[in-house]
Every structure is written in structure tokens, then in C-alpha cells.
Amino acid sequence: MKKIYITGCAKSGTTLVRRLFNAFEDLKVYNYGEIIPMDFIKSDYDVGKRFSSIFSGKVNDSLVQQQLSMFKDITIIDVLRNKEDVLKSDNGYVSENRYNTCLKQREQYGHLIDYTIIYENLLSDPDQIQKEISELLGLKTEHKWSDYPKFIDITQEKPITHKGIYKLRPIGAPKN
117 MKKIYITGCA KSGTTLVRRL FNAFEDLKVY NYGEIIPMDF IKSDYDVGKR
167 FSSIFSGKVN DSLVQQQLSM FKDITIIDVL RNKEDVLKSD NGYVSENRYN
217 TCLKQREQYG HLIDYTIIYE NLLSDPDQIQ KEISELLGLK TEHKWSDYPK
267 FIDITQEKPI THKGIYKLRP IGAPKN
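Just so we're aligned, residue 117 is where the sequence shown starts under my numbering, counting upward by one.
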């Protein structure tokens with residue numbers, strides 16, 4: 117099985133998707149936040165989440181070529197969310213420029229993306245998205261994504277260092 121790297125603009129649902137991969141059997145998920153692509157590829161983990169990578173809007177040109185060759189050897193799951201919701205999330209954490217850069221990167225390098233999760237579809241039918249990914253990647257389901265967060269061990273999570281609101285709540289549940 118190829119390693120699975122989750123990409124997407126900040127505040128698009130990449131943390132949720134990374135956590136959801138804990139629902140599959142026999143996957144070692146990097147549950148400590150984000151990981152640089154090179155470190156991820158060298159690691160023993162099967163699933164990791166983007167850090168300064170293509171499709172995140174935060175990668176300098178010198179790294180693009182390096183990542184393009186690395187991304188050919190791993191599975192890319194990209195998360196795409198409605199622009200207005202991303203920009204409103206977490207008190208404007210993401211700028212419109214960053215979001216637009218992510219879209220440009222998708223246009224330029226979209227051939228590297230193996231599967232796109234539309235965040236809004238994930239909220240409305242998480243088990244269908246899980247089924248599609250399971251079939252695409254040959255993964256066995258241990259828990260339904262709709263059961264999130266029951267199968268997550270929060271003690272594995274890296275403490276949040278910025279003003280984020282990463283509380284575990286069922287998929288689609290409103291923030292308190």
C-alpha cells in the first residue's frame with residue numbers, strides 16, 4: 117500500500133480527515149498534527165497531513181519541484197471546502213490570497229491528486245466518502261466515519277498551540 121498524504125487549504129477539514137483515517141484497520145496515522153512531506157515519506161506512518169506542501173498554499177517555489185517528484189509515489193487525498201466558510205473559519209485565519217493559491221495549485225498539479233473530498237459532502241454523507249476511499253485504496257473499515265469521534269484517542273493528539281477550536285464533536289455538529 118502507498119502512503120496516504122492529506123492535503124488542502126488550512127481550515128478546509130484536513131485535521132478532521134486525518135483523524136477519520138483512524139477508523140481503518142491496520143493504518144499507522146500520524147496523529148500529532150502536520151508533517152513535512154519528506155519527513156512523512158521517511159517515517160513509518162501510513163497516513164499524514166500536509167505541512168508546507170503543494171495544495172496548502174504555503175510552499176515556496178524551490179520546494180515545488182522536490183514535492184512533485186515525491187508526490188508521485190504516495191496517495192494524495194485533497195480536501196476542498198467552500199471558500200466563504202474557509203475564510204470565515206477561526207476568525208479569518210486563512211487569507212483569500214492563500215485560498216486562491218491553493219486553487220491555483222490544484223489546477224496546476226491536480227493530476228497528482230488521487231481523491232478529492234468535498235468537505236460539505238463529508239458532512240452530509242461521511243460513510244459514503246469512507247466507502248469510496250476504502251474501495252479506491254483497498255482499506256478495511258474498523259469503524260464508521262459517522263461514529264466519529266467515538267473511535268479517536270485524544271491522548272495521541274499534539275496540543276494545539278494557536279487559537280484553534282479543535283474540539284472533538286460529531287461530524288457536522290455545530291460549534292458551541
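Just so it is clear, CB atoms sit at the ideal spot from N, CA and C, and this is done for glycine as well.
Bridge pairing for T131: absent [DSSP].
F171 is positioned such that its CB atom lies no closer than 8 Å to that of D189. If you look at L196, you'll find it in the beta strand (DSSP E) that goes 191-196.
Under DSSP, F140 shares a beta bridge with T257. Judged by beta-carbon spacing, Y264 lies beyond the 8 Å limit of P290, meaning their Cβ atoms are not closer than that value. Note on geometry: alpha-carbon atoms of N207 and M186 lie some 34 Å from one another. The straight-line gap separating the alpha-carbon atoms of K256 and G173 is approximately 32 Å. For the region 180-246, the full-length beta strand (DSSP E) segments reaching 3 residues or more read 191-196, 231-234 along the chain. For I120, the secondary structure class from DSSP, reduced to helix, strand or coil, is strand. Checking the DSSP bridge columns, you'll see V163 partnered with I120, V145. If you draw a straight line from the Cα of Q224 to the Cα of S211, it comes to about 20 Å. In the three-state scheme derived from DSSP, where H, G and I count as helix and E and B as strand, P153 is classed as helix.
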